[in-house]
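Below: the structure, in structure tokens.
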Amino acid sequence: MSKRFTCTSCDFVVDYHFKGRQPPFAKCIMLLEDCYIMKDPFSTSGGFVTVGGSCSLCSKDVCLSADCSLFYTQRFCLTCAHRNQQEFPKQIQEEILHRAKLRD
Ligand SMILES: [Zn+2]
Ligand SMILES: [Zn+2]
Numbered sequence: 001m002s003k004r005f006t007c008t009s010c011d012f013v014v015d016y017h018f019k020g021r022q023p024p025f026a027k028c029i030m031l032l033e034d035c036y037i038m039k040d041p042f043s044t045s046g047g048f049v050t051v052g053g054s055c056s057l058c059s060k061d062v063c064l065s066a067d068c069s070l071f072y073t074q075r076f077c078l079t080c081a082h083r084n085q086q087e088f089p090k091q092i093q094e095e096i097l098h099r100a101k102l103r104d
């Protein structure tokens with residue numbers, strides 16, 4: 001059974017099978033965040049693909065594309081990352097500004 005994941009930042013839509021940190025079909029995996037996960041259609045050994053996550057601040061669903069989200073200890077959508085950029089270390093701030101620039 002699959003559900004639909006929609007990125008709120010771009011138009012990426014995909015069917016996913018599981019949301020959380022420990023996909024039941026992939027043994028011995030513990031992810032760093034709750035993710036939207038789909039089974040890898042080409043894998044027979046429990047492979048999976050992470051398709052997205054939820055922003056830890058606004059809890060919007062965002063895909064893992066560099067244009068949509070950023071992972072720094074937690075997942076952030078680019079809007080929240082940009083709004084709270086002073087909370088991030090210098091290196092991440094530059095990354096955020098760089099990405100925001102590419103998007104405009
Ligand atoms: Zn996206
Ligand atoms: Zn956000």
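Letter by letter, the sequence shown follows residues 1 to 104 of this note's numbering. All C-beta atoms, glycine included, are put in the ideal place defined by N, C-alpha and C.
- DSSP places Arg-4 in the strand class (E or B) of the three-state scheme.
- Remark: the shortest separation between the CB of Gly-20 and any heavy atom of ligand 1 does not fall under 8 Å.
- Look at Leu-70 here: in three-state DSSP terms it is strand.
- The beta carbon of Val-49 sits no closer than 8 Å to any heavy atom of ligand 1.
- By the criterion of at least three beta-carbon pairs nearer than 8 Å, the stretch 18–35 is in contact with the stretch 53–65.
- Sixteen is the threshold: since fewer than 16 other Cβ atoms of the shown chains lie within 10 Å of the Cβ of Ser-45, the residue is exposed.
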